[in-house]
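First comes the structure, then the notes that go with it.
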Amino acid sequence: MIEKDEIAVLYWKGGKSLPFKIADSVSIKGLGAFHLKEVMGKPWGASVTVGEETFHVVKASFRDLADNIV
85 MIEKDEIAVL
95 YWKGGKSLPF
105 KIADSVSIKG
115 LGAFHLKEVM
125 GKPWGASVTV
135 GEETFHVVKA
145 SFRDLADNIV
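So in this note's numbering the end of the sequence shown lands on 154, straight run, no missing numbers.
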């Protein structure tokens, strides 16, 4: 289940986001603001639609996190 403060990645047709912490709403550089309240408590893979694009909320893997360490 998707819970607040877990680390997630958004996937869509054109790619994926950097890992981010689940909150009521999230602003991701280049993608805009997402209201994630509606997906909290749902299974991982739930979707959120912004404009005409559908994004899937996926739990971040260790690989996602490791790929983004500078």
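Ideal Cβ placement from N, Cα and C applies to all residues, glycine included.
- If one requires a minimum length of 3 residues, the beta strand (DSSP E) runs lying completely within the segment 107-152 are 109-112, 116-119, 131-134 and 137-143, in chain order.
- Taking each of S145, F146, G129 and A144 in turn and checking the Cα distance to T138, the smallest one comes out for G129.
- Between the segment 134-152 and the segment 111-124, the count of Cβ pairs shorter than 8 Å is three or higher; the stretches touch.
- A direct Cα-Cα distance of roughly 8 Å separates L102 from D148.
- Selection F104, I153 and E122 evaluated against K143 yields F104 as nearest (Cα-Cα).
- Taking C-beta atoms as the reference points, L120 and D108 count as a pair closer than 8 Å.
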